[in-house]
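Counting from 1, one number per residue, gives the positions in the sequence shown under the UniProt record's numbering. We treat Cβ as the ideally placed atom computed from N, Cα and C, and that holds for glycine. Note that this is a predicted model, so its numbers are computed, not measured. Let me begin by presenting the structure, written as structure tokens, before commenting on it.
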Amino acid sequence: MEPKKSKKSTIQNIIFIVLIALLLFSPVGTFVKVQLNRLIAFSTKTIAITDQKMLSTYQWQLLDATGKTVSLEAYKGKIVFINFWATWCPPCIAEMPSIQKLYANYQDKMVFLFVTTDSFEKANAFMIKENLTLPVYQSVTNPPLEMESSTIPATYLIDQSGNVIVAKIGTANWNSDSFREKLDELLKK
């Protein structure tokens with residue numbers, strides 16, 4: 001009797017390992033991780049005024065998909081939404097639809113920078129596949145210290161005075177009513 005129990009236990013262990021591998025390393029797993037991140041994504045909060053930091057520099061160079069170099073300096077005095085992301089990052093993928101909706105409504109009112117370490121070929125293929133129209137950039141020089149993060153997604157909102165008023169690491173619902181209200185208040189200034 002003992003060998004049968006051991007064989008059943010071995011089979012169960014193998015099935016468990018295969019399921020874990022599927023969740024960790026397959027498109028099915030990515031899909032599950034994206035959906036879970038969407039479920040837990042909440043609106044983000046503005047940093048308290050006393051804790052806000054002003055950008056130490058605007059000397060950050062970015063490259064767009066056409067090969068044109070852009071400097072953050074060009075956007076001084078404007079509201080800037082900066083998102084660091086990658087095509088392989090489930091939390092990044094999870095928040096993209098909310099960012100796309102926000103971008104569709106605010107692209108003419110403020111600046112959006114979607115910064116990736118992926119190749120433009122890979123990033124653009126992802127954008128097409130996901131039906132996204134977000135402007136993709138690669139960092140040429142290091143971002144200001146106030147926006148350095150070893151984790152993605154990392155999103156920052158810079159106000160017209162150069163203050164980092166939102167610094168969010170992880171997934172968020174960027175198209176929430178409360179975040180839109182914050183943007184509308186900033187745009188009135």
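Task: From I14, I15, V166 and T171, residue whose alpha carbon lies closest to that of L183 - done: The residue given as residue 183 occupies position 183 in the sequence shown. The option with the nearest alpha carbon to L183 is V166.
- [ ] Please list, in chain order, all residues of the same chain as A65 whose beta carbon is under 7 Å from its beta carbon, the five residues on each side excluded.
- [x] Locating residue 65 in the sequence shown gives position 65, where the first residue counts as 1. Around A65: F120, N124 and V136.
Open item on the list: If distances are taken between C-alpha atoms only, which option among N105, A94 and S6 comes closest to L187?
Closed with: Here residue 187 is taken as the residue at index 187 of the sequence shown, counted from 1. The option with the nearest alpha carbon to L187 is N105.
Task: For N142: DSSP bridge partner residues - done: On the sequence shown, position 142 is the one that residue 142 refers to. For N142, DSSP records no beta bridge to any residue.
Task: M127 in three-state terms, based on DSSP - done: Counting from 1 along the sequence shown, the entry for residue 127 is found at position 127. Of the three classes helix, strand and coil, the one that applies to M127 here is helix, per DSSP.
Open item on the list: For K101, report the span of its beta strand (DSSP E) as first-last.
Closed with: Counting from one through the sequence shown, the residue named residue 101 turns up at place 101. First-last for K101: P90 to Y106, but that is the alpha helix (DSSP H), not the beta strand (DSSP E).
Open item on the list: Using only the alpha-carbon positions, how far apart do I169 and K7 sit?
Closed with: The count along the sequence shown starts at 1 and reaches residue 169 at position 169. The count along the sequence shown starts at 1 and reaches residue 7 at position 7. Those two C-alpha atoms are separated by around 45 Å.
Task: When Q138, P97 and L113 are compared against I128, the one with the closest alpha-carbon - done: Within the sequence shown, numbered from 1, the residue matching residue 128 stands at position 128. Looking at the Cα atoms, P97 is the closest of the given residues.
Task: S9 in three-state terms, based on DSSP - done: In the sequence shown, residue 9 corresponds to position 9, counting from 1. S9 falls in the helix class under three-state DSSP.
- [ ] Given a cut-off of 7 Å, decide if S139 and V111 are closer than it, judged by their beta-carbon atoms.
- [x] Walking along the sequence shown from the start, residue 111 turns up at place 111. Walking along the sequence shown from the start, residue 139 turns up at place 139. Against a cut-off of 7 Å, the Cβ pair of S139 and V111 comes out as no contact.
Open item on the list: So for S71, helix, strand or coil by DSSP?
Closed with: The sequence position of residue 71 within the sequence shown is 71, counting from 1. Three-state result, S71: strand.
TODO: Note down the Cα distance separating M54 from D159, rounded to an integer number of angstroms.
DONE: Walking along the sequence shown from the start, residue 54 turns up at place 54. Walking along the sequence shown from the start, residue 159 turns up at place 159. Spanning the two alpha carbons is a distance of roughly 9 Å.
Open item on the list: Per the DSSP calculation, F81 is bridged to which residue(s)?
Closed with: Counting from 1 along the sequence shown, the entry for residue 81 is found at position 81. Answer is F112 and L157, bridged to F81.
Open item on the list: Given this structure, state the Cα-to-Cα distance separating Q100 from I15, to the nearest angstrom.
Closed with: Position 100 of the sequence shown, counted from the start, is the residue given in the question as residue 100. Position 15 of the sequence shown, counted from the start, is the residue given in the question as residue 15. Each residue's Cα considered, the two are about 39 Å apart.
Open item on the list: Could you check if L113 belongs to the surroundings of the ligand ATP, using beta carbon to heavy atom distance under 6 Å?
Closed with: The ligand content of the structure shown is nil, which means the ligand ATP is not present either.
- [ ] Could you pull out every residue in the same chain whose Cβ sits closer than 8 Å to the Cβ of E148, ignoring the five residues on either side in sequence?
- [x] Sequence index remark: in the sequence shown, residue 148 carries index 148 (1-based). If we look at E148 and ignore the five residues flanking it on each side, its Cβ neighbours are N142.
- [ ] Taking 7 Å as the cut-off, decide whether the C-beta atoms of Y156 and I82 are in contact.
- [x] Along the sequence shown, read from residue 1 onward, the residue named residue 156 stands at position 156. Along the sequence shown, read from residue 1 onward, the residue named residue 82 stands at position 82. Yes, the pair counts as a contact, with Cβ atoms nearer than the cut-off.
Task: Status (buried if at least 16 other CB within 10 Å, exposed otherwise) for E95 - done: One-based indexing of the sequence shown puts residue 95 at position 95. Per the 10 Å Cβ criterion, buried.
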